[in-house]
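Asks: As given, the protein sequences belong to chains A and B, one line each in that order.
Sequential numbering of the first sequence, starting at 2, is according to this note's numbering.
Sequential numbering of the second sequence, starting at 2, is according to this note's numbering.
For glycine and all other residues, C-beta sits at the position ideal for the given N, C-alpha and C.
Let me give you the structure first, and then I'll get to my questions.
Protein chains: 2
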Amino acid sequence: MARIPAPERRAALVQAALRVVSQRGIAHATTRAIVAEAGMSLASFHYAFDSRDELIDELITTVVAREQEAVLPDDLQGHDIRDMLEAGLLRYFEHLRADPEHEQAMLELTQYALRSPERHPLAVAQYARYTELGARSLSAAAELAGVVWSTPVEQVARVLIAFTDGLTLTWLVTRDDDVAQAVAHAAADALSRMAEPR
Amino acid sequence: MARIPAPERRAALVQAALRVVSQRGIAHATTRAIVAEAGMSLASFHYAFDSRDELIDELITTVVAREQEAVLPDDLQGHDIRDMLEAGLLRYFEHLRADPEHEQAMLELTQYALRSPERHPLAVAQYARYTELGARSLSAAAELAGVVWSTPVEQVARVLIAFTDGLTLTWLVTRDDDVAQAVAHAAADALSRMAEPR
DNA sequence: ACTGAAGTGGGACGATCGTCCCAGTCGCAT
DNA sequence: ATGCGACTGGGACGATCGTCCCACTTCAGT
Numbered sequence: 002m003a004r005i006p007a008p009e010r011r012a013a014l015v016q017a018a019l020r021v022v023s024q025r026g027i028a029h030a031t032t033r034a035i036v037a038e039a040g041m042s043l044a045s046f047h048y049a050f051d052s053r054d055e056l057i058d059e060l061i062t063t064v065v066a067r068e069q070e071a072v073l074p075d076d077l078q079g080h081d082i083r084d085m086l087e088a089g090l091l092r093y094f095e096h097l098r099a100d101p102e103h104e105q106a107m108l109e110l111t112q113y114a115l116r117s118p119e120r121h122p123l124a125v126a127q128y129a130r131y132t133e134l135g136a137r138s139l140s141a142a143a144e145l146a147g148v149v150w151s152t153p154v155e156q157v158a159r160v161l162i163a164f165t166d167g168l169t170l171t172w173l174v175t176r177d178d179d180v181a182q183a184v185a186h187a188a189a190d191a192l193s194r195m196a197e198p199r
Numbered sequence: 002m003a004r005i006p007a008p009e010r011r012a013a014l015v016q017a018a019l020r021v022v023s024q025r026g027i028a029h030a031t032t033r034a035i036v037a038e039a040g041m042s043l044a045s046f047h048y049a050f051d052s053r054d055e056l057i058d059e060l061i062t063t064v065v066a067r068e069q070e071a072v073l074p075d076d077l078q079g080h081d082i083r084d085m086l087e088a089g090l091l092r093y094f095e096h097l098r099a100d101p102e103h104e105q106a107m108l109e110l111t112q113y114a115l116r117s118p119e120r121h122p123l124a125v126a127q128y129a130r131y132t133e134l135g136a137r138s139l140s141a142a143a144e145l146a147g148v149v150w151s152t153p154v155e156q157v158a159r160v161l162i163a164f165t166d167g168l169t170l171t172w173l174v175t176r177d178d179d180v181a182q183a184v185a186h187a188a189a190d191a192l193s194r195m196a197e198p199r
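See the structure below:
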């Protein structure tokens with residue numbers, strides 16, 4: 002086996018863990034499954050990490066920090082704020098359809114974090130991050146559409162996150178594209194009503 | 002230990018399993034944890050059930066079948082369809098606040114079922130049941146409000162389920178009552194727009 | 001009262017988990 | 001080249017998992 006410095010090994014293990022969680026669920030993300038995916042030995046695992054819990058914590062932190070602005074991207078298109086919101090939500094839906102396992106993994110990691118008091122802050126941080134990204138996109142959209150949010154934009158963002166969560170969960174179970182599009186349409190409708198002309 | 006016929010023991014074990022999953026998560030719902038909660042011995046478990054998987058399957062089936070019409074109850078109140086929908090969603094939210102662990106358990110069971118091909122149908126059935134309950138309530142609400150759904154009521158119900166899912170997930174993480182109420186308000190807004198005067 | 005089936009208790013099995021140990025090997029600074 | 005610290009491989013530990021076995025007790029039907 003090639004000799005790899007510990008910091009790089011940590012990153013490689015986190016990546017391998019994400020693949021395992023995505024493909025088989027967090028319950029199957031054992032230390033042995035992770036090192037097998039990474040092509041290492043168990044000793045390398047505990048040389049890079051003190052414990053499996055430490056790896057999971059870093060996995061959550063890393064994956065949250067890496068989260069991009071999938072919802073409501075830069076090239077906002079549409080006639081008015083409602084169209085722009087719907088286009089953004091549909092684009093998120095495409096992202097979900099392209100890699101369902103990743104979103105399912107995120108969902109499982111959230112639930113996992115929710116179950117232990119010391120990990121709960123990680124889940125809260127995850128949603129804070131989502132809110133931040135959502136608020137940024139919502140601000141940009143309002144700017145382009147020439148409207149202002151009548152509610153604080155962070156509040157609007159939290160509602161947006163709730164809607165995308167619901168869309169994600171429902172589609173992961175039913176795989177019903179029509180319903181997902183209907184949800185996107187209805188959500189854009191409701192959100193656009195929280196804005197008013199500038 | 003009192004002698005209990007196997008069918009009753011099955012029911013008692015399912016109840017105990019639900020309590021364990023609610024309080025500690027499905028990962029901690031081991032056979033030993035379940036029989037301890039039920040006050041039985043391990044032998045009684047495998048006398049009533051062939052395997053732990055069989056118990057979990059019956060738990061999901063039971064808990065889904067027992068699910069009541071928490072969303073949009075009988076005593077629908079409000080001036081118009083929008084008010085009625087918001088009142089119903091807020092009532093669901095009260096139900097969520099009263100027993101968060103139960104909804105968290107439902108969420109975990111869904112995710113668990115989603116992870117194995119042979120259990121996937123259980124998750125789909127769970128959502129079919131939700132849709133059925135939602136459609137019934139939506140029909141009743143439309144009747145009282147003197148409107149008709151311009152989209153098939155099952156479709157509206159599926160959107161409603163997505164919204165309640167999102168509300169649930171977000172609130173379970175953030176415990177932010179204000180956001181939950183904003184979500185309920187926005188969701189009622191969007192849903193009411195899928196109805197038209199009769 | 002007797003008998004067979006139904007239900008119970010406790011201990012044990014093999015598998016797998018997270019973690020650890022330690023002898024060995026590689027690479028870099030000197 | 002050489003020594004030392006960084007890294008690796010394999011095997012092992014105790015704990016816990018799901019499941020099983022078997023001797024035992026209780027109850028219902030006769």
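Are the CB atoms of B/R120 and B/A129 nearer to each other than 7 Å?
Replies: Cβ distance not < 7 Å, so B/R120 and B/A129 don't count as in contact.
Asks: If B/A191 and A/D190 are in contact, beta carbons under 8 Å, what's the gap, nearest whole angstrom?
Replies: The pair is a contact, with the Cβ atoms about 5 Å apart (cut-off 8 Å).
Asks: Excluding the five sequence neighbours on either side, which residues of its own chain have a C-beta within less than 7 Å of the C-beta of A/R53, listed in chain order?
Replies: T32, listed in sequence order.
Asks: Hey, is B/Y128's beta-carbon within less than 7 Å of any beta-carbon in chain A?
Replies: Yes, B/Y128 lies at the interface with chain A (some Cβ there is under 7 Å from its Cβ).
Asks: Looking at B/M85: is its Cβ nearer than 7 Å to the Cβ of B/A146?
Replies: Yes.
Asks: Which residues in chain A sit within 9 Å of B/V22, going by Cβ to Cβ distance?
Replies: By Cβ distance, chain A contributes nothing, its closest Cβ being about 11 Å from B/V22, past 9 Å.
Asks: I need the DSSP call for B/E68, collapsed to helix, strand or coil.
Replies: In this structure, B/E68 counts as coil in the three-state DSSP scheme.
Asks: Which runs of the beta strand (DSSP E) fall wholly inside the segment 12-65 of chain B and span at least 3 residues, in chain order?
Replies: The qualifying runs do not exist here; there are none.
Asks: Indicate whether A/A17 and A/A44 have their beta-carbon atoms separated by less than 7 Å.
Replies: For A/A17 and A/A44, no; Cβs fall outside 7 Å.
Asks: What span of residues does the alpha helix (DSSP H) with A/E155 cover, start to end?
Replies: V154 to T175 is the extent of the alpha helix (DSSP H) around A/E155.
Asks: In the DSSP assignment, find the unbroken beta strand (DSSP E) run with B/A196 in it and report its ends.
Replies: It spans A196 to P198 - the beta strand (DSSP E) in which B/A196 sits, taken as one unbroken run.
Asks: Please name the residue, chosen from B/G26, B/P8 and B/T62, that lies closest to B/Y131 on a Cα-to-Cα basis.
Replies: That would be B/T62, whose Cα lies nearest to the Cα of B/Y131.
Asks: Alpha carbons only, please: which of A/V180, A/D178, A/I82 and A/F50 is nearest the one belonging to A/E144?
Replies: When only C-alpha atoms are compared, the closest one is A/I82.
Asks: In terms of residue numbering, what span does the alpha helix (DSSP H) encompassing A/P101 cover?
Replies: First-last of the alpha helix (DSSP H) with A/P101: P101 to L115.
Asks: Within 7 Å (strictly less), CB to CB, does A/R159 reach chain B?
Replies: Closer than 7 Å to some Cβ of chain B, the Cβ of A/R159 qualifies, so yes.
Asks: Count the other CB atoms, across all protein chains shown, that sit within 10 Å of the CB of A/R67; report buried if there are 16 or more and exposed otherwise.
Replies: The residue is exposed, with fewer than 16 neighbouring Cβ atoms inside 10 Å.
Asks: Between B/G26 and chain A, is any beta-carbon pair separated by less than 7 Å?
Replies: Output row for B/G26: interface = yes.
Asks: Whose C-alpha, out of A/L134, A/A88 and A/L170, is nearest the C-alpha of A/A185?
Replies: Residue A/A88 is the option with its Cα nearest to A/A185.
Asks: Our contact map puts A/V1 next to A/S140 with C-beta atoms below 8 Å; I'd like the distance itself, whole angstroms only.
Replies: One cannot answer for residue 1 of chain A here, as it falls past the ends of chain A, which runs 2 to 199.
Asks: With burial defined as no fewer than 16 other Cβ atoms inside 10 Å of the residue's Cβ, what is the status of B/A204: buried or exposed?
Replies: The structure shown does not extend to residue 204 of chain B, since chain B spans only 2 to 199, so no value can be given for it.
Asks: Considering just the uninterrupted stretch of the alpha helix (DSSP H) at B/A143, what are its terminal residues?
Replies: First-last of the alpha helix (DSSP H) with B/A143: H121 to A146.
Asks: Closest to B/A124 by CA distance: which of A/H80, A/R92 and A/W172 is it?
Replies: The shortest C-alpha separation from B/A124 is found at A/W172.
Asks: Which chain A residues sit within Cβ distance under 7 Å of B/F94?
Replies: Result: empty, since nearest Cβ-Cβ is about 12 Å, beyond 7 Å.
Asks: At least one CB of chain A closer than 7 Å to the CB of B/G167: is that the case?
Replies: Yes, its Cβ sits closer than 7 Å to a Cβ of chain A.
Asks: Could you tell me whether any Cβ in chain A is nearer than 7 Å to the Cβ of B/D100?
Replies: Not closer than 7 Å to any Cβ of chain A, the Cβ of B/D100 fails to qualify, so no.
Asks: Of all the residues that make up the segment 143-157 of chain B, which are near chain A by a beta-carbon distance shorter than 7 Å?
Replies: Hits within the stretch, in order: Q156.
Asks: Distance, Cα to Cα, B/R226 vs B/S193?
Replies: Since the first residue of chain B shown is 2 and the last is 199, residue 226 of chain B is not available in this structure.
Asks: Name, please, each residue of chain B whose Cβ falls closer than 8 Å to the Cβ of A/L173.
Replies: Correct list: L115.
Asks: Out of A/H29, A/V15, A/A28 and A/A30, which one is the CA nearest neighbour of A/A49?
Replies: It is A/V15.
Asks: For A/Q1, collect the residues of the same chain with a Cβ closer than 8 Å to its Cβ; drop the 5 residues on either side in sequence, then sort them by chain order.
Replies: Since the first residue of chain A shown is 2 and the last is 199, residue 1 of chain A is not available in this structure.
Asks: So A/V125 contacts chain B; which residues on that side make the cut at Cβ distance below 7 Å?
Replies: By Cβ distance, chain B contributes V174 and T175.
Asks: Measure the alpha-carbon distance for A/Q105 versus B/F164 and round it to whole angstroms.
Replies: Using only the alpha carbons, I get a separation of about 18 Å.
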